[in-house]
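Protein chains in written order, with the working numbering: chain A, 21 to 256; chain B, 21 to 256.
Below is one structure, written out as structure tokens; comments come after it.
There are 2 protein chains.
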Amino acid sequence: MLGAQNSNHPCRNCAFYEGSVWQPVDTRSVLVLTRGFSRQALDEGQTLFNQGDKNQGLFCVSKGLIALRTLHPDGTSTLMRLAYPGEIIGFRSFLGDREHRTEARALLPSRICSVEQRDADRIVRGNPAVLEKLASRCVFEIDRNRERIIASSTKSNKQRLADLLLRLMEEHGDRAGDHVSMQLPLSRMDLADLIGVQPETMSRLVRRLESDGFFHFSGREVQIPATGLHKMAANQ
Amino acid sequence: MLGAQNSNHPCRNCAFYEGSVWQPVDTRSVLVLTRGFSRQALDEGQTLFNQGDKNQGLFCVSKGLIALRTLHPDGTSTLMRLAYPGEIIGFRSFLGDREHRTEARALLPSRICSVEQRDADRIVRGNPAVLEKLASRCVFEIDRNRERIIASSTKSNKQRLADLLLRLMEEHGDRAGDHVSMQLPLSRMDLADLIGVQPETMSRLVRRLESDGFFHFSGREVQIPATGLHKMAANQ
DNA sequence: TTGACAATTTGACGATCATCAATGACTAGA
DNA sequence: TCTAGTCATTGATGATCGTCAAATTGTCAA
Numbered sequence: 021m022l023g024a025q026n027s028n029h030p031c032r033n034c035a036f037y038e039g040s041v042w043q044p045v046d047t048r049s050v051l052v053l054t055r056g057f058s059r060q061a062l063d064e065g066q067t068l069f070n071q072g073d074k075n076q077g078l079f080c081v082s083k084g085l086i087a088l089r090t091l092h093p094d095g096t097s098t099l100m101r102l103a104y105p106g107e108i109i110g111f112r113s114f115l116g117d118r119e120h121r122t123e124a125r126a127l128l129p130s131r132i133c134s135v136e137q138r139d140a141d142r143i144v145r146g147n148p149a150v151l152e153k154l155a156s157r158c159v160f161e162i163d164r165n166r167e168r169i170i171a172s173s174t175k176s177n178k179q180r181l182a183d184l185l186l187r188l189m190e191e192h193g194d195r196a197g198d199h200v201s202m203q204l205p206l207s208r209m210d211l212a213d214l215i216g217v218q219p220e221t222m223s224r225l226v227r228r229l230e231s232d233g234f235f236h237f238s239g240r241e242v243q244i245p246a247t248g249l250h251k252m253a254a255n256q
Numbered sequence: 021m022l023g024a025q026n027s028n029h030p031c032r033n034c035a036f037y038e039g040s041v042w043q044p045v046d047t048r049s050v051l052v053l054t055r056g057f058s059r060q061a062l063d064e065g066q067t068l069f070n071q072g073d074k075n076q077g078l079f080c081v082s083k084g085l086i087a088l089r090t091l092h093p094d095g096t097s098t099l100m101r102l103a104y105p106g107e108i109i110g111f112r113s114f115l116g117d118r119e120h121r122t123e124a125r126a127l128l129p130s131r132i133c134s135v136e137q138r139d140a141d142r143i144v145r146g147n148p149a150v151l152e153k154l155a156s157r158c159v160f161e162i163d164r165n166r167e168r169i170i171a172s173s174t175k176s177n178k179q180r181l182a183d184l185l186l187r188l189m190e191e192h193g194d195r196a197g198d199h200v201s202m203q204l205p206l207s208r209m210d211l212a213d214l215i216g217v218q219p220e221t222m223s224r225l226v227r228r229l230e231s232d233g234f235f236h237f238s239g240r241e242v243q244i245p246a247t248g249l250h251k252m253a254a255n256q
């Protein structure tokens, strides 16, 4: 078992080392990885890469929160994905056309582990199990995007916002007493295009749902009381 | 080169044999495949697999047209993908959770090549290049779904319909004189949920755009005159 | 041909949402 | 502290689209 090594590793939550995509790799490859990746810190608001950049390999969030946005010619953008600690970034361009189609920007002070493309190529080629894991991650991405497509044509704005918050709470929320809370450093604009509406609409939506007791936004944090969880899960 | 062999193959347009996902595989693997897959015919309306079925391996459309739909509890459905000749079906569940999340149904009389799961597992494990190609196909799917997500929140219905038709025409249309035409055996309901509107709205949309000379629907065929192509490309 | 059934079209209405505009809140920098 | 700038909120308005209902067309089998 690798447990002892893992706990000594300076980078917790890191998929490059434990518990995620690289896990099935044999010992030798793990050694390669412990030597072969680098770490960097990102300030809030700093970009990890820009849309249009060539792929630089694979990244993993070990701390913080990264937003992946596609930028449109008219200056607007669409938030495509939130990457929490433990999640891999860059696999789409690594496996595909090698060009980033999104910009990656830190929503919180973050730490990133990265494997350079040449190393990542070598590792993936040498370990089909790693490639299989990356493919599984792609499937997950497909599933999530499909859900978003389906939701946008079958559910109301209210339901879409409720579903989004429920999912994020489930995956990243902290239970505290009779309510769940989580960091959510997203602007109204980000929230708006996550469910496909305008910022003004989102503003009104949040106010309405807050006054109905579904949840409570305070700064960069959200709280959902138990009653709110039930209401939202029931699709009311 | 495999050209000579390909032309003798009974199954043209088939990714299991030529020009697509299996292409980079070495000669031995091609032999495995020429022996290892089976063919079947589907009548119009017949299903290849149902939502919820366990994955049976990989399929490839060699003739016809397959619609992949996710069915919702309320009886409605959303058209997620159209698979034309040469395209692989079933890779999502093959690489992922092994359960089909869509129903695959023939929109036209179709022919399908299939590799059983056990064989597909063996082939993919033995040939990382094949797995890489499947991963690339996943990336393509991610890209297409992202486009759909972005379109649903930034473009008008009119533009979304125009974009859809332009893309399909580009990939599958037949140029004939000063216009392009193609088979499009989709109901108004299918068209409607491809761009996320109600059937009634689609009906009105089609009538309006037809009267503006963008295109012409006749039965299961669409025609786009050169002027229509220009108008639609210009996002008017 | 007839009848039954489904798909499509059309009309009318109302709810929703995007848009425009104005205001307020907050932040960063001078 | 002041100011500029960005983001968020709120109001008013109009366009769009979903919904319901009815009529029309198309399809298939008896």
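Glycine included, C-beta positions come from ideal geometry on N, C-alpha and C.
Whole-angstrom C-beta distance between G116(B) and G144(A), which should lie under 8 Å: Within the first sequence, residue 144(A) is the residue found at index 124, counting from 1. Within the second sequence, residue 116(B) is the residue found at index 96, counting from 1. Position check: residue 144(A) holds Val in this sequence, whereas Gly was assumed. Actually they are not in contact, since the Cβ atoms of V144(A) and G116(B) sit about 18 Å apart, beyond 8 Å.
Rounded C-alpha distance that separates R112(A) from D163(B): Indexing the first sequence from 1 puts residue 112(A) at position 92. Indexing the second sequence from 1 puts residue 163(B) at position 143. Distance between the alpha carbons of R112(A) and D163(B) is about 9 Å.
Check whether L181(A) and M209(A) have beta carbons under 9 Å apart: Your numbering for residue 181(A) matches position 161 in the first sequence. Your numbering for residue 209(A) matches position 189 in the first sequence. Contact flag unset, no.
Minimum Cβ-Cβ distance from A254(B) to chain A less than 9 Å: In the second sequence, counting from the first residue as 1, residue 254(B) sits at position 234. No, A254(B) does not count as interfacial toward chain A.
Alpha-carbon to alpha-carbon, H92(B) and N177(B): Working through the second sequence from its first residue, we reach residue 177(B) at position 157. Working through the second sequence from its first residue, we reach residue 92(B) at position 72. Taking the straight line from one Cα to the other gives about 23 Å.
Coil, strand or helix - Q60(A) by DSSP: Here residue 60(A) refers to the residue found at position 40 when the first sequence is read from its first residue. In the structure shown, Q60(A) sits in a strand (DSSP, three-state: E or B).
A61(A) versus L85(A), T98(A) and L225(A), residue with shortest Cα-Cα distance: By one-based count along the first sequence, residue 61(A) stands at place 41. Comparing Cα positions, the closest option is L85(A).
Reduced DSSP secondary structure (H/G/I, E/B, other) of P245(A): Looking up residue 245(A) in the first sequence gives position 225. Strand.
Meets three-Cβ-pair contact criterion under 8 Å: the stretch 136-150 of chain B and the stretch 95-113 of chain A: no
Spatially closest choice to T122(B) from C133(B), E136(B), S134(B) and L102(B), by CA coordinates: Sequence index remark: in the second sequence, residue 122(B) carries index 102 (1-based). Looking at the Cα atoms, L102(B) is the closest of the given residues.
Residue span of the alpha helix (DSSP H) that contains S113(A), given as start and end: Looking up residue 113(A) in the first sequence gives position 93. Note, S113(A): alpha helix (DSSP H), F111 to L115.
Against chain A: residues of the stretch 128-160 of chain B by CB proximity under 8 Å: R145, P148, L151, E152, L154, A155, S156, C158, V159 and F160
Where the alpha helix (DSSP H) containing F237(B) begins and where it ends: Position 217 of the second sequence, counted from the start, is the residue given in the question as residue 237(B). No alpha helix (DSSP H) contains F237(B), which is instead part of the beta strand (DSSP E) from H236 to S238.
K251(A), DSSP secondary structure in three states: Here the question's residue 251(A) lines up with position 231 in the first sequence. Note: K251(A) maps to helix in three-state DSSP.
Closest Cα partner of G95(B) within the set L211(B), F234(B) and Q71(B): Here residue 95(B) refers to the residue found at position 75 when the second sequence is read from its first residue. Nearest C-alpha to G95(B): Q71(B).
Cβ of M12(B) within 9 Å of any chain A Cβ: Residue coverage of chain B in this structure runs from 21 to 256, which leaves residue 12(B) outside it and unanswerable.
DSSP-derived helix/strand/coil call for D73(B): By 1-based counting over the second sequence, the position of residue 73(B) is 53. In the structure shown, D73(B) sits in coil (DSSP, three-state: anything other than H, G, I, E or B).
Which of helix, strand or coil DSSP assigns to T96(B): The count along the second sequence starts at 1 and reaches residue 96(B) at position 76. Reduced to three states, the DSSP call for T96(B) is coil.
Between the CA atoms of G193(B) and A126(B) - distance to the nearest angstrom: Here residue 126(B) refers to the residue found at position 106 when the second sequence is read from its first residue. Here residue 193(B) refers to the residue found at position 173 when the second sequence is read from its first residue. About 19 Å.
Reduced DSSP category for L85(A) - H, G, I as helix; E, B as strand; rest coil: Sequence index remark: in the first sequence, residue 85(A) carries index 65 (1-based). If DSSP states are grouped into helix, strand and coil, L85(A) belongs with coil.
DSSP-derived helix/strand/coil call for L186(A): Counted from its first residue, the first sequence places residue 186(A) at position 166. Helix, per DSSP.
Neighbour-count burial assignment, S58(B), 16 or more Cβ in a 10 Å radius: Along the second sequence, read from residue 1 onward, the residue named residue 58(B) stands at position 38. By the neighbour-count rule (16 or more Cβ atoms within 10 Å), S58(B) is not buried but exposed.
Under 9 Å between C-beta atoms of C133(B) and F69(B): One-based indexing of the second sequence puts residue 133(B) at position 113. One-based indexing of the second sequence puts residue 69(B) at position 49. For C133(B) and F69(B), no; Cβs fall outside 9 Å.
Classification of G216(B) by the beta-carbon crowding that lies within 10 angstroms, buried from 16 upward: Here the question's residue 216(B) lines up with position 196 in the second sequence. Result: buried.
Sub-9 Å separation of G110(A) and A124(A) beta-carbons: Here the question's residue 110(A) lines up with position 90 in the first sequence. Here the question's residue 124(A) lines up with position 104 in the first sequence. A contact, by the Cβ cut-off of 9 Å.
Secondary structure of R121(B), DSSP reduced to three states: Position 101 of the second sequence, counting from 1, holds the residue named residue 121(B). In this structure, R121(B) counts as coil in the three-state DSSP scheme.
Three-state secondary structure assigned by DSSP to S207(A): Here residue 207(A) is taken as the residue at index 187 of the first sequence, counted from 1. S207(A) falls in the coil class under three-state DSSP.
Alpha helix (DSSP H) segment containing D141(A), residue limits: In the first sequence, the residue the question calls residue 141(A) occupies position 121. Looking at the DSSP string, the run of the alpha helix (DSSP H) that includes D141(A) is Q137 to G146.
CB contact below 9 Å: S58(B) versus chain A: Numbered from its first residue, the second sequence carries residue 58(B) at position 38. No, no contact with chain A.
Three-way DSSP call (helix, strand, coil) for S134(B) in this model: Working through the second sequence from its first residue, we reach residue 134(B) at position 114. Residue state, collapsed to three classes: strand.
C-alpha gap between K175(B) and T247(B), whole angstroms: The residue labelled residue 175(B) in the question sits at position 155 within the second sequence. The residue labelled residue 247(B) in the question sits at position 227 within the second sequence. Rounded to whole angstroms, K175(B) to T247(B) spans 21 Å at the Cα level.
Residue of V226(A), D213(A), F235(A) and E191(A) minimising C-alpha distance to I170(B): Here residue 170(B) corresponds to residue number 150 of the second sequence, with the count starting at 1. That would be D213(A), whose Cα lies nearest to the Cα of I170(B).
Nearest-angstrom beta carbon gap, K74(A) and R118(A) [assumed within contact, 8 Å]: Against the first sequence, residue 118(A) aligns to sequence position 98. Against the first sequence, residue 74(A) aligns to sequence position 54. 6 Å between Cβ atoms; contact.
First through last residue of the beta strand (DSSP E) which encompasses D198(A): The sequence position of residue 198(A) within the first sequence is 178, counting from 1. Premise fails: D198(A) is in no beta strand (DSSP E) and is neither H nor E.
DSSP-derived helix/strand/coil call for L181(B): As a working note, residue 181(B) is residue 161 in the second sequence. Looking at L181(B) - three-state DSSP - the assignment turns out to be helix.
L128(A) - DSSP class collapsed to helix/strand/coil: In the first sequence, the residue the question calls residue 128(A) occupies position 108. Three-state DSSP puts L128(A) in coil, outside helix and strand.
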